[in-house]
Every structure is written in structure tokens, then in C-alpha cells.
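Residue numbers (my numbering): 42 to 122.
In this text, a Cβ means the ideal position worked out from N, Cα and C, and glycines have one as well.
One structure is given below, encoded as C-alpha cells.
Rendered as C-alpha cells:
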């Protein structure tokens with residue numbers, strides 16, 4: 042799967058895998074930010090945490106699919122969704 046110059050070929054971008062992984066990352070970040078908000082005595086607006094979790098989830102999902110990583114989050118996404 043390597044070209045002559047040593048760079049790895051990239052396959053097609055899988056939108057279904059991207060959406061599944063982004064949703065799992067979104068839930069993970071939302072849970073982490075919920076704990077932060079809980080221990081901060083709910084001093085922050087929770088909508089900011091939802092927005093920030095969505096942005097981070099989409100970003101991490103994109104990088105995960107683009108880099109063709111395979112780890113436990115792939116297994117969770119396939120089993121749950």
C-alpha cells in the first residue's frame with residue numbers, strides 16, 4: 042500500500058464511519074465536560090459544553106478516519122451503532 046516515495050496511499054473517505062466515530066467522540070467529550078461542570082458546581086453554561094463537544098467530536102472523528110487509526114473506539118462505534 043505504499044507508493045514509491047514512501048507515502049501511504051489513502052483510500053476513500055468513509056462518511057458512515059466518520060459519523061459513527063464522531064458521535065462516539067461527542068458522547069465521550071460531553072461526559073467529560075459534564076463532570077467538569079458538575080465539580081464546578083454548574084457555574085458554566087452547558088450549551089457551551091455541548092457546542093465544544095460537537096466541534097471536538099467532529100474534529101477527532103475526521104482525523105481518526107483520515108489517518109486510518111484502528112483502536113477501541115472503532116469497536117465501540119461498530120457495536121453500539
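Could you check which residue in the options has the C-alpha nearest to that of residue i?
i          : options          : result
residue 73 : 55, 108 and 95   : 95
residue 52 : 109, 122 and 121 : 109
Apart from the five residues just before and just after residue i, which ones in its own chain have a Cβ nearer than 8 Å to its Cβ?
i           : result
residue 119 : 61
residue 55  : 106
Once you ignore the five residues that flank residue i on each side, which residues in its own chain have a CB closer than 6 Å to its CB?
i           : result
residue 105 : 62
residue 65  : 114, 117 and 118
Skipping 5 residues on each side, what residues in its chain have a beta carbon closer than 7 Å to that of residue i?
i          : result
residue 70 : 94, 97 and 98
residue 59 : 102, 103 and 106
- request: Ignoring anything shorter than 4 residues or poking outside the region 44-121, list the alpha helix (DSSP H) runs there in chain order.
  value: 56-80, 87-108 and 113-121
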